[in-house]
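Engineer: Protein chains in written order, with the numbering used here: chain V, 7 to 252; chain P, 7 to 252; chain W, 281 to 537; chain A, 401 to 642; chain R, 401 to 642.
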Amino acid sequence: MERVLDIQSLRKSFGNNEVLKNINFSVDKGEVVCIIGSSGSGKSTLLRCINLLEKPDGGKIIYNGRNILESNINVYEYRTRLGMVFQQFNLFNNLNVLNNCTVGQIKVLGRSREEAEEIAMKYLKVVGMDKYINAKPRQLSGGQKQRVAIARALAMEPDVMLFDEPTSALDPEMVGEVLKVMKELAEMGLTMLVVTHEMGFAKEVSDRVVFMDKGVIAEEGEPEQIFNNPIQERTREFLRSTLQAV
Amino acid sequence: MERVLDIQSLRKSFGNNEVLKNINFSVDKGEVVCIIGSSGSGKSTLLRCINLLEKPDGGKIIYNGRNILESNINVYEYRTRLGMVFQQFNLFNNLNVLNNCTVGQIKVLGRSREEAEEIAMKYLKVVGMDKYINAKPRQLSGGQKQRVAIARALAMEPDVMLFDEPTSALDPEMVGEVLKVMKELAEMGLTMLVVTHEMGFAKEVSDRVVFMDKGVIAEEGEPEQIFNNPIQERTREFLRSTLQAV
Amino acid sequence: GGGNASTGEEESDVFRVGLEAGYPPFNWTQQDDSNGAVPIDGTSEYAGGYDVEIAKRIAEGLGKELVIVKIEWDGLLPALESGKIDAIIAGMSPTAERAKAIDFTDNYYKSDLVMVVRKGSQYENATSLKDFAGAKITAQLNTFHYEVIDQIEGVIKETAMDNFPAMRVALESGMIDGYVSERPEAISAMAANENFVMVEFTDGGFETSDDDTAVAVGLKKGSPLREKINEILGQISEEERQDIMDQAIKNQPAADN
Amino acid sequence: MSFQLVKEIFLDNWPMYLRGAGMTIVISVISTILGAIIGLLIGVVRTIPESATRGKRVILKVVNTIFSAYVEYFRGTPMIVQAMVIYYGSALLFDIHLNRFVAAIIIVSINTGAYMAEIVRGGITSIDEGQFEAASAIGMTHFQSMFNIILPQVIRNILPATANEFVINIKDTSVLNVIGVTELFFQTKSITGNNFKFFESYFIASGIYLLMTFTITRILRHFEKRLDGPQNYDLVGNQMQV
Amino acid sequence: MSFQLVKEIFLDNWPMYLRGAGMTIVISVISTILGAIIGLLIGVVRTIPESATRGKRVILKVVNTIFSAYVEYFRGTPMIVQAMVIYYGSALLFDIHLNRFVAAIIIVSINTGAYMAEIVRGGITSIDEGQFEAASAIGMTHFQSMFNIILPQVIRNILPATANEFVINIKDTSVLNVIGVTELFFQTKSITGNNFKFFESYFIASGIYLLMTFTITRILRHFEKRLDGPQNYDLVGNQMQV
Ligand SMILES: Nc1ncnc2c1ncn2[C@@H]1O[C@H](COP(=O)(O)OP(=O)(O)OP(=O)(O)O)[C@@H](O)[C@H]1O
Ligand SMILES: Nc1ncnc2c1ncn2[C@@H]1O[C@H](COP(=O)(O)OP(=O)(O)OP(=O)(O)O)[C@@H](O)[C@H]1O
Ligand SMILES: [Mg+2]
Ligand SMILES: [Mg+2]
């Protein structure tokens with residue numbers, strides 16, 4: 007199977023706080039990998055490093071065979087291949103819902119306005135926000151914002167989607183719908199890297215689960231193995247507290 | 007039992023969008039009421055109306071026997087009796103974690119800095135953020151921010167706590183811990199009104215569950231009744247889609 | 281100390297005179313009291329020049345202490361009207377328009393008009409107004425200097441300028457070919473900058489009225505000081521005036537550069 | 401001050417006032433727009449993130465130093481001196497004889513640009529980091545994110561400060577008199593110089609100034625409101641099939 | 401222009417330059433601070449949300465109209481006119497004889513206040529609505545939220561625009577010479593009036609202006625950095641028991 011992303015010895019600190027310590031893992035084409043772990047373990051930081059929003063302190067990020075941390079890489083083109091959904095929505099405040107989903111297509115991918123709007127409407131329907139195309143971000147509820155953010159990322163039709171807790175602000179009804187979309191995308195061959203707190207989702211959809219703890223990957227494996235037979239004590243502990251909470 | 011909040015015929019529209027249509031319900035002292043419902047059904051708007059962050063178009067909000075929509079009410083004092091936790095954190099960007107939790111105590115309640123810091127530390131420990139007192143909001147992860155926001159509201163030691171999806175940005179480990187705190191608070195006689203997508207939480211902690219749909223209260227009752235024997239068809243549908251998603 | 285020494289209308293034992301202290305040889309600013317300069321109110325500097333010498337004589341005659349207040353040209357009139365100063369002695373000509381607003385004493389100096397041009401230019405040896413046909417000429421704003429330019433046939437009349445330094449720069453840079461001035465200013469300009477030459481009209485110059493070329497002391501309308509000052513000015517002979525002016529031209533700060 | 405006199409002075413001199421006001425408004429409108437463009441461009445360049453390649457880093461450093469020097473110099477020195485140096489200096493040193501009006505526009509634009517650069521810097525700082533990140537994440541270059549996402553938001557926030565610049569320019573054109581541009585202030589000065597009625601003449605001028613600045617601030621306020629868009633949005637009819 | 405001459409002129413006239421610069425800096429420092437305070441206060445009052453009681457609504461409306469008139473008037477008319485009206489007008493009409501220096505500070509402060517009010521308005525607009533809501537939610541009054549939460553963030557964002565005001569004031573004090581305040585510009589005018597060397601004399605003045613503005617903008621930049629706080633935070637030692 008083709009390897010899309012290969013993370014090698016990735017390190018990142020903020021001041022005296024070592025957030026990522028020697029991270030190694032890879033994602034194959036078409037794979038859905040879920041990252042779980044407690045708050046502050048570095049999951050968001052890992053995703054941001056992969057997208058180069060954060061500059062790693064060391065290590066390699068190999069995308070389709072090339073280390074994108076090398077200087078001769080076109081970062082902008084690389085980023086269009088990655089779709090990113092943020093924990094905090096980050097919709098463009100100056101644009102309405104429709105234009106949030108078209109601006110990247112038109113300005114970065116060079117699509118025509120018509121084509122871009124058609125594609126945008128397609129994904130806005132998927133997330134159930136097609137009625138709100140005239141709304142400005144500040145007029146939307148949290149859940150509505152996140153759904154638009156997902157549509158915006160999908161509209162770029164990227165190779166790999168990075169989700170940073172995409173459903174944490176969604177209501178359960180919507181979680182189901184978005185899940186369905188994500189499954190469809192997975193079947194179409196889309197590679198996905200999903201930080202999530204939704205254990206049900208991780209269990210059902212992912213090909214592989216990565217458990218992060220205090221800046222390291224403590225354990226990884228197939229969902230059945232991680233959820234039913236975790237090897238590490240800390241994984242067991244995390245899952246125990248998680249599952250009993252719900 | 008003493009009635010703390012009594013909402014009568016509450017109405018609120020944004021433009022042509024009627025978000026709250028004749029809402030009637032009440033909260034007794036010591037009760038924990040959960041509001042569930044799909045995205046856009048008006049849950050946040052209801053909470054914001056109760057806190058007077060949104061001006062209702064009509065109806066009454068009776069707090070401890072007095073209609074707070076009347077003009078002679080001291081809104082500020084009323085608000086100190088309500089603690090609010092927002093979906094979008096809204097930590098004070100200019101203050102570090104500790105001061106986020108002390109500023110209201112000092113400036114509004116008139117507590118001394120020492121006392122305020124002691125109380126703040128107590129609740130920061132509860133949410134597990136006592137190590138981060140020097141951090142500025144922009145340096146925190148989403149989950150960390152929301153935990154501080156909860157501590158900030160708790161530090162005001164209000165009569166009624168309004169939570170707008172307090173755990174939606176928290177990881178499952180933390181959900182358990184926060185739940186524990188909230189239970190303790192409930193036992194201490196704190197009245198709570200919680201908008202949530204966490205059905206497990208609603209089931210376990212609440213005395214009563216209110217189901218909102220398209221701006222009206224479609225159904226309300228004890229958690230056992232709502233979750234096991236919903237009367238309305240739309241409640242059944244909502245719960246079906248919700249529970250199957252997880 | 282600032283201007284709080286002012287006491288408005290009431291009789292006082294000081295004589296406050298407003299001037300720009302930047303228009304040699306009539307008035308200028310210097311840093312010590314050499315050559316009989318007088319301290320400027322509220323600063324550590326001194327004012328000297330022809331106006332100051334006249335002001336000293338008037339103050340003496342009035343039996344009052346002289347106070348020099350340094351104010352920009354535009355502020356002189358309001359300062360006088362509002363009682364911040366008692367007199368304007370600033371090389372001001374008693375034109376008919378001005379006389380509507382304030383009173384003037386008798387003249388204390390009279391000069392004639394000349395043209396300042398660049399050395400080596402075709403106008404250096406001009407003798408009459410006719411020689412300036414086709415020349416770019418300007419003068420200071422709000423002076424009759426600017427109006428008399430119209431008497432030159434075929435002249436290119438440029439926009440009037442706010443102050444002499446700007447005109448001098450314009451002349452040096454070639455944007456204008458000359459500016460109309462009065463003899464004392466022109467002598468100063470020549471002394472200070474070797475690129476400038478003064479053209480005196482030996483063959484027919486500007487027609488001017490006495491009001492325009494003379495300078496007088498400005499007083500508030502109906503001021504009781506007017507007669508007294510006229511009396512004092514009458515005691516200064518024409519020769520003495522010329523002496524004071526010669527001395528001022530010699531003493532002006534630019535002269536020792 | 402007498403109102404009879406004010407009326408007389410106005411009737412005697414209105415063509416002068418009007419011509420002066422016309423010149424003032426033309427110079428300040430053009431220059432504020434050009435200055436704002438300069439300020440925005442500098443803001444965009446200044447916020448370019450540090451590049452990985454050494455060569456680009458050095459170029460950027462040099463460009464930023466030039467911009468800083470520009471801002472410091474033109475903010476830091478009196479416009480009257482700049483006007484003299486640019487207009488007469490270019491004639492003295494290079495024998496370039498600029499048209500007075502062109503020189504005026506250049507001087508005021510360059511000056512405004514220096515102030516606007518700082519205002520824009522403040523405006524960019526106040527935009528949430530998340531906006532930059534989301535723009536980067538969809539592959540926008542620095543310039544694309546700036547022009548499509550950040551600057552539209554910045555412009556909204558700095559409109560009041562830009563209105564200030566406008567108003568300042570309307571009044572600061574007065575120093576252009578040293579290069580022979582006859583705008584409102586200069587005209588008023590001529591009028592007072594003639595009639596010696598300071599308060600009355602300037603009362604009229606103040607009225608004209610007020611009219612100009614008031615009109616301009618109203619226009620910009622209206623613009624602010626339009627940029628904000630409607631308070632509420634309307635739902636699009638729910639067409640289930642396309 | 402000759403540098404030999406510049407040196408000579410400086411050596412001859414440095415006490416005049418220095419005293420002028422001192423006056424300029426004192427007036428503009430005090431007035432910018434007072435003006436900023438005026439601007440912030442107006443910003444606070446202007447953003448008071450509509451009150452429920454009719455009486456308060458009317459009062460607020462009146463106060464806001466007064467503030468708007470203040471801003472429009474003092475932004476809209478030339479400072480030279482304001483200076484004349486305040487200093488000479490108060491003497492003429494009310495027989496109030498202000499101290500020149502006090503008058504200067506009053507004039508420049510009031511003027512700066514009008515500009516700052518608009519800058520502050522822009523700054524408040526750029527603060528996220530959530531900050532107001534969170535402050536209201538813990539029971540803060542409008543004034544409490546403003547002073548504790550909103551203004552500290554606004555001040556950070558408007559510092560560059562405030563530095564602009566500062567720099568403008570340093571240069572605009574020049575109009576004060578119509579009321580007899582001898583600041584740097586007037587002194588330089590006197591010096592050129594004496595020596596007839598425009599470029600050289602103003603070259604020195606420009607250098608002094610640059611030095612003043614540069615120093616002030618550095619100080620404010622430093623202040624900006626300090627307000628931003630450190631890029632990273634340090635964890636507090638984990639004491640499990642108190
Ligand atoms: N600029 C910064 N300076 C200092 N520490 C930072 C900064 N940004 C992030 N951190 C810290 O890095 C750690 C990892 O943060 P990260 O956002 O990756 O956690 P996470 O696993 O995504 O948590 P959550 O589930 O709450 O989103 C946290 O302790 C966070 O406070
Ligand atoms: N200023 C506004 N203008 C127009 N519509 C608004 C405005 N604010 C909120 N709304 C709309 O009101 C409706 C209810 O919003 P609300 O935030 O109360 O929903 P919610 O039940 O909390 O949803 P979620 O679970 O996604 O948070 C939504 O359709 C929202 O878009
Ligand atoms: Mg995270
Ligand atoms: Mg909500």
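C-beta: ideal position from N, C-alpha, C; glycine also.
Owing to the predicted nature of the structure, the values given are computational and were not obtained by experimental measurement.
Kindly examine ligand 1 and report whether one of its heavy atoms sits closer than 7 angstroms to the Cβ of residue 215/V.
Structural biologist: For residue 215/V, the Cβ stays outside the 7 angstroms cut-off from all heavy atoms of ligand 1.
Engineer: Which residues in the same chain have their Cβ closer than 8 angstroms to the Cβ of residue 471/A, if we skip the five residues on either side of it in sequence?
Structural biologist: 442, 514, 517 and 518
Engineer: Of the choices 33/P, 96/P and 114/P, whose alpha-carbon is the least far from that of residue 532/R?
Structural biologist: Nearest C-alpha to residue 532/R: 96/P.
Engineer: Do you know offhand how far residue 10/V's Cα is from residue 52/V's?
Structural biologist: 16 angstroms
Engineer: With a Cβ-Cβ cutoff of 8 angstroms, do residue 481/W and residue 423/W count as a contact?
Structural biologist: No.
Engineer: Is there at least one non-hydrogen atom of ligand 2 closer than 7 angstroms to the beta-carbon of residue 168/P?
Structural biologist: Relative to ligand 2, the beta carbon of residue 168/P is positioned no closer than 7 angstroms to any heavy atom.
Engineer: Just to confirm my understanding: we take residue 23/P, look at its own chain, exclude 5 residues before and 5 after, and list those with CB closer than 6 angstroms. What are they?
Structural biologist: No residues qualify anywhere along the chain.
Engineer: I'd like the ranges of any alpha helix (DSSP H) spanning at least 4 consecutive residues and lying wholly in the stretch 87-168 of chain P.
Structural biologist: 103-113, 119-132 and 148-161
Engineer: Starting from residue 472/R, follow the alpha helix (DSSP H) in both directions and report where the run begins and ends.
Structural biologist: 454-476
Engineer: If you follow the alpha helix (DSSP H) that residue 596/R is part of, which residue opens it and which one closes it?
Structural biologist: Per DSSP, residue 596/R belongs to no alpha helix (DSSP H) and is neither H nor E.
Engineer: If you drop the 5 nearest sequence neighbours on each side, which residues of the same chain put their C-beta closer than 7 angstroms to that of residue 87/V?
Structural biologist: 164, 165 and 166
Engineer: Whose CB is closer than 5 angstroms to a heavy atom of ligand 4? List the residues in chain order.
Structural biologist: Those satisfying the condition are, in chain order, 147/V and 50/P.
Engineer: By Cβ distance, which residues of its chain are closer than 7 angstroms to residue 287/W, with the 5 residues on each side in sequence left out?
Structural biologist: Caution applies to residue 287/W, whose pLDDT of 41 falls short of 50 and renders its modelled position unreliable; the value that the coordinates give is listed next. Within the same chain, residue 287/W has no close Cβ partners at all.
Engineer: Less than 8 angstroms between CB atoms is the rule here; does residue 561/A satisfy it with respect to chain R?
Structural biologist: yes
Engineer: So that I know if they touch, is there some Cβ in chain R lying closer than 8 angstroms to that of residue 473/W?
Structural biologist: yes
Engineer: Alpha carbon to alpha carbon, how far is residue 557/R from residue 375/W? Give it in angstroms, no decimals.
Structural biologist: 55 angstroms
Engineer: Say whether chain P places a C-beta atom closer than 8 angstroms to the C-beta of residue 534/R.
Structural biologist: yes
Engineer: Are there 16 or more other CB atoms within 10 angstroms of the CB of residue 414/A, so buried, or fewer, so exposed?
Structural biologist: exposed
Engineer: Listing by chain order, which chain A residues have their CB less than 8 angstroms from the CB of residue 254/W?
Structural biologist: Only positions 281 to 537 of chain W appear in this structure, which leaves residue 254/W out of reach.
Engineer: Taking 7 angstroms as the cut-off, is the beta-carbon of residue 43/V closer than that to any non-hydrogen atom of ligand 1?
Structural biologist: yes
Engineer: Helix, strand or coil: how does DSSP classify residue 407/W here?
Structural biologist: coil
Engineer: Taking 8 angstroms as the CB-CB limit, is residue 415/A close to chain V?
Structural biologist: no
Engineer: So what's residue 420/W in DSSP terms, helix, strand or just coil?
Structural biologist: strand
Engineer: Using the beta-carbon count (16 or more within 10 Å), is residue 404/R buried or exposed?
Structural biologist: Flag for residue 404/R reads exposed.
Engineer: Do residue 367/W and residue 297/W have their C-beta atoms within less than 8 angstroms of each other?
Structural biologist: yes
Engineer: Which class does residue 515/W belong to by DSSP, given the choice of helix, strand or coil?
Structural biologist: coil
Engineer: Using beta-carbon positions only, say whether residue 330/W and residue 318/W come within less than 8 angstroms of one another.
Structural biologist: no
Engineer: Answer yes or no: do residue 348/W and residue 320/W have a C-beta to C-beta separation smaller than 8 angstroms?
Structural biologist: yes
Engineer: Among 528/A, 611/A and 625/A, which one has its Cα closest to the Cα of residue 474/R?
Structural biologist: 611/A
Engineer: How big is the Cα-Cα spacing for residue 474/W and residue 399/W?
Structural biologist: 8 angstroms
Engineer: Contact criterion: CB-CB distance below 8 angstroms. Does residue 217/P meet it with respect to chain R?
Structural biologist: It does not; no Cβ of chain R falls within 8 angstroms.
Engineer: Identify the contact partners of residue 582/R in chain W, using a Cβ-Cβ distance below 7 angstroms as the criterion.
Structural biologist: 323 and 350
Engineer: Taking 7 angstroms as the cut-off, is the CB of residue 93/V close to at least one heavy atom of ligand 3?
Structural biologist: yes
Engineer: At a threshold of 7 angstroms, does residue 431/A count as lining ligand 2 (C-beta to nearest heavy atom)?
Structural biologist: no
Engineer: Indicate whether at least one CB of chain A lies closer than 8 angstroms to the CB of residue 283/W.
Structural biologist: With a pLDDT of 39 at residue 283/W, under the threshold of 50, the modelled position of that residue is not reliable, and the figure given next carries that caveat. No, because no Cβ of chain A sits closer than 8 angstroms to the Cβ of residue 283/W.
Engineer: Does any C-beta atom of chain A lie closer than 8 angstroms to the C-beta of residue 248/V?
Structural biologist: no
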